[in-house]
Every structure is written in C-alpha cells, then in structure tokens.
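Numbering (the UniProt record's numbering), first residue to last: 1 to 337.
Structure first, commentary second.
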C-alpha cells in the first residue's frame with residue numbers, strides 16, 4: 001500500500017516554529033492550554049504501558065519454548081504474527097514524537113512559541129498508523145486466543161497452552177484500552193492542528209492524501225462504541241462475587257393463602273394451636289439435662305421384630321460362613337509298594 005500512514009520509515013518535516021500572542025491566539029481560536037493538555041495526556045498514557053511490555057516479553061519467551069513442539073499449531077503461528085506486530089510497535093517510538101512535540105511548546109516574552117502545522121500533521125499520521133497497528137494486534141491476539149482455547153478444551157499440552165492463552169488474552173485487553181485512548185489523542189490533536197499555521201510554502205502532507213477527521217470511524221471497529229462504564233463493571237463484579245443481601249425484619253408479616261390450599265389445613269388448625277401454646281409455656285433452656293429410664297422397660301418398649309431379626313442375622317451369618325467354605329479334599333497318599 002502507498003498510504004502514508006502504512007510506511008515503516010517516514011521522513012520527518014523540518015523543524016520550524018511560529019509565535020503568537022495570547023490575545024491573537026484567543027481571537028483566532030488557538031487553544032494553547034488544550035493543546036498542552038492533549039500532549040501531556042498522550043505522553044502519560046504511553047508511559048504507563050508497562051503491563052503490555054511485560055506481556056510482550058512473556059510472549060516472545062513462550063514462542064521460543066513452543067516453536068519446536070507446536071511448530072504446526074495455528075495458535076503458535078498467530079502468536080508469531082502478534083510478536084512481529086509488537087516489534088513494529090517498539091520501532092515506531094510514538095512516545096518520543098509526542099515528547100518532542102511537547103518540548104517545542106514554549107513561551108518567549110509573553111508570546112507562545114508553537115510548532116508548525118507540518119509537524120502536527122506528521123504526528124497525526126504516526127498516530128493514525130499506530131491506531132491501525134493496534135487494531136491489527138487486537139485481531140491477531142483474538143485469533144490466537146481462539147486456537148489456544150480450543151487446545152485447552154482438547155486437553156493436549158494444556159498447561160503450556162493455558163499460559164499462552166492467558167498472555168494473549170492480557171495483550172488483547174491492553175491493546176483495546178490503548179486503541180480507545182489513541183482515538184482521543186488523535187481527535188484532540190486534530191482539532192488543535194486546524195488552527196495552527198504552516199511555516200513555509202510547501203505543505204508536508206501529499207495532495208492526494210488527507211487525514212481523517214475522526215479516527216474511530218476510520219478504524220471502523222464495532223466494539224469501540226460499546227459502553228464500558230465503571231457502573232456496569234461494578235454490577236458485573238457484584239453479580240459474580242457478591243453475596244445476596246439478607247434483610248432482617250422483626251415486624252410480623254401476613255401471608256394471604258387461597259381458600260383452595262387451606263381447605264385441608266383447616267382440620268389441623270386446632271391441633272397446631274394447642275401444640276404451639278404448650279411450647280410457649282415451657283421455658284427454653286440450652287442445657288440437656290436428660291431423663292433417667294429403666295433399661296428393662298426400654299428393652300420391652302422395643303418392637304419384638306427387631307430383636308428377632310438381629311438374633312436371626314447373627315445365626316444366619318455363622319451358618320452362611322460355614323456353608324460357603326468348600327470341603328477340603330483329602331489327598332490320598334499312595335503307598336509305596
């Protein structure tokens with residue numbers, strides 16, 4: 001592709017700046033405070049990607065371990081593609097571009113020293129390529145996780161596949177978060193670049209190409225429009241790990257029972273009421289005092305069938321044991337003549 005955002009090596013425009021006073025900036029709509037805040041946010045987000053770097057290092061070591069035994073596995077092939085995309089991300093060094101752009105923003109004798117619009121277009125193009133690369137990484141990590149999960153279900157070498165599946169899943173999660181942040185960087189920087197001036201007669205961006213106004217619509221990813229608010233996350237966490245709340249109410253509750261269901265229970269209302277009254281009259285005690293009974297009276301109270309069965313079982317067991325034993329055959333000794 002000849003698209004400028006798809007080039008691995010992109011020539012940087014010459015360094016040039018222009019100055020503007022605070023009053024003129026306010027009249028022309030140049031929001032320097034917003035521009036500085038957008039650069040600070042982008043640099044901070046790019047510096048806080050250590051978790052993605054750790055998982056990328058783990059991925060490279062897993063590929064080294066799995067490349068011999070799993071050389072024909074589709075999951076490993078997608079892991080290799082993901083590792084190449086991560087190497088391209090390292091070579092882009094987008095954080096350096098944003099840090100350089102922020103250092104160009106200075107103040108001299110009460111006037112703002114701002115970078116040229118050519119430099120802003122260069123950073124926007126690099127951000128556009130960065131977002132497309134992250135979208136590619138999100139797709140590859142999703143495919144790799146799919147094949148690794150299938151291997152775990154089969155149960156073949158599931159221990160190694162489980163570690164690889166966890167690594168690709170974490171990369172997929174971090175990449176999605178980075179893509180959402182990248183869209184915000186691009187939108188803020190694009191709005192600021194519209195008010196900046198060109199320094200020089202020749203623009204840096206080719207005439208046959210243009211920058212998209214909205215990076216989210218240009219990437220055309222359906223999941224970018226999904227709502228992932230903290231409220232939904234807390235509800236999901238409560239639904240999975242939370243215990244049901246039990247409300248203690250000491251007030252009396254009345255239950256309305258239909259007449260059809262209470263027809264047979266009316267006969268036992270008097271008996272239940274008398275039993276409940278007896279239970280209420282007796283004092284409640286936690287000490288089990290017990291009751292003295294006569295052993296002979298207790299044995300006489302037992303049903304006679306149980307005693308006969310126990311004695312019968314005892315005799316039958318002894319008889320069965322004797323019957324199960326096979327008679328030993330006596331070996332006849334041959335008398336030697």
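C-beta: ideal position from N, C-alpha, C; glycine also.
Just so it is clear, the structure is predicted and the values come from calculations on it, not from any experiment.
Straight-line CA distance for residue i to residue j?
{"i": "residue 31", "j": "residue 20", "result": "11 Å"}
{"i": "residue 218", "j": "residue 54", "result": "30 Å"}
{"i": "residue 40", "j": "residue 68", "result": "45 Å"}
{"i": "residue 56", "j": "residue 28", "result": "45 Å"}
{"i": "residue 161", "j": "residue 177", "result": "24 Å"}
{"i": "residue 82", "j": "residue 109", "result": "50 Å"}
{"i": "residue 222", "j": "residue 23", "result": "43 Å"}
{"i": "residue 75", "j": "residue 170", "result": "15 Å"}
{"i": "residue 154", "j": "residue 73", "result": "13 Å"}
{"i": "residue 102", "j": "residue 190", "result": "15 Å"}
{"i": "residue 44", "j": "residue 35", "result": "14 Å"}
{"i": "residue 206", "j": "residue 3", "result": "10 Å"}
{"i": "residue 198", "j": "residue 15", "result": "12 Å"}
{"i": "residue 9", "j": "residue 200", "result": "23 Å"}
{"i": "residue 11", "j": "residue 156", "result": "49 Å"}
{"i": "residue 251", "j": "residue 291", "result": "Annotation note: pLDDT 49 at residue 251 (below 50); position unreliable, no value reported."}
{"i": "residue 209", "j": "residue 70", "result": "43 Å"}
{"i": "residue 96", "j": "residue 146", "result": "34 Å"}
{"i": "residue 296", "j": "residue 302", "result": "10 Å"}
{"i": "residue 87", "j": "residue 100", "result": "22 Å"}
{"i": "residue 293", "j": "residue 300", "result": "12 Å"}
{"i": "residue 261", "j": "residue 298", "result": "With a pLDDT of 47 at residue 261, under the threshold of 50, the modelled position of this residue cannot be trusted; read the value that follows with caution. So the alpha carbons of these two residues sit roughly 42 Å apart."}
Would DSSP call residue i helix, strand or coil?
{"i": "residue 20", "result": "strand"}
{"i": "residue 407", "result": "Not covered by the structure: residue 407. The range shown for the chain is 1 to 337."}
{"i": "residue 30", "result": "coil"}
{"i": "residue 341", "result": "Because residue 341 is not part of the residues shown, which for the chain are 1 to 337, the question remains open."}
{"i": "residue 156", "result": "coil"}
{"i": "residue 129", "result": "helix"}
{"i": "residue 222", "result": "helix"}
{"i": "residue 204", "result": "coil"}
{"i": "residue 294", "result": "coil"}
{"i": "residue 199", "result": "coil"}
{"i": "residue 142", "result": "helix"}
{"i": "residue 210", "result": "coil"}
{"i": "residue 194", "result": "coil"}
{"i": "residue 165", "result": "helix"}
{"i": "residue 15", "result": "coil"}
{"i": "residue 147", "result": "helix"}
{"i": "residue 346", "result": "Nothing in the structure corresponds to residue 346, since the chain is present only between 1 and 337."}
{"i": "residue 120", "result": "helix"}
{"i": "residue 4", "result": "helix"}
{"i": "residue 302", "result": "coil"}
Apart from the five residues just before and just after residue i, which ones in its own chain have a Cβ nearer than 7 Å to its Cβ?
{"i": "residue 193", "result": "117, 120, 121 and 124"}
{"i": "residue 13", "result": "118, 119, 122 and 204"}
{"i": "residue 25", "result": "32 and 112"}
{"i": "residue 64", "result": "none"}
{"i": "residue 37", "result": "none"}
{"i": "residue 187", "result": "214 and 215"}
{"i": "residue 195", "result": "28, 29 and 30"}
{"i": "residue 226", "result": "none"}
Among residues of its own chain, excluding the 5 on either side of residue i, which ones have a beta-carbon nearer than 6 Å to its beta-carbon?
{"i": "residue 78", "result": "140, 143 and 144"}
{"i": "residue 113", "result": "17, 19 and 106"}
{"i": "residue 164", "result": "62 and 148"}
{"i": "residue 60", "result": "83"}
{"i": "residue 104", "result": "115"}
Report whether the distance from the Cβ of residue i to the nearest heavy atom of the ligand SAM is below 7 Å.
{"i": "residue 14", "result": "Annotation note on the ligand SAM: not contained in the displayed structure, which lists no ligands."}
Between which residues of its own chain and residue i is the CB-CB distance below 8 Å, once the five residues before and five after are set aside?
{"i": "residue 212", "result": "128 and 218"}
{"i": "residue 158", "result": "151 and 152"}
{"i": "residue 94", "result": "46, 126, 127 and 130"}
{"i": "residue 136", "result": "85"}
{"i": "residue 202", "result": "none"}
{"i": "residue 174", "result": "49, 51, 52 and 55"}
{"i": "residue 132", "result": "5, 6 and 219"}
{"i": "residue 66", "result": "73, 76, 79, 160 and 164"}
{"i": "residue 134", "result": "89, 175, 178, 179 and 182"}
{"i": "residue 340", "result": "Since the first residue of the chain shown is 1 and the last is 337, residue 340 is not available in this structure."}
{"i": "residue 316", "result": "Note on residue 316: pLDDT 49, under 50, position unreliable in the model; no value is reported."}
Since residue i and residue j are thought to touch, with beta carbons under 8 Å apart, how far apart are those beta carbons, to the nearest angstrom?
{"i": "residue 98", "j": "residue 42", "result": "5 Å"}
{"i": "residue 172", "j": "residue 138", "result": "6 Å"}
{"i": "residue 58", "j": "residue 167", "result": "5 Å"}
{"i": "residue 180", "j": "residue 224", "result": "7 Å"}
Counting only runs that start and end within the region 33–111, where is the beta strand (DSSP E) found for 3 or more residues in a row?
Listed in chain order, they are 106–108.
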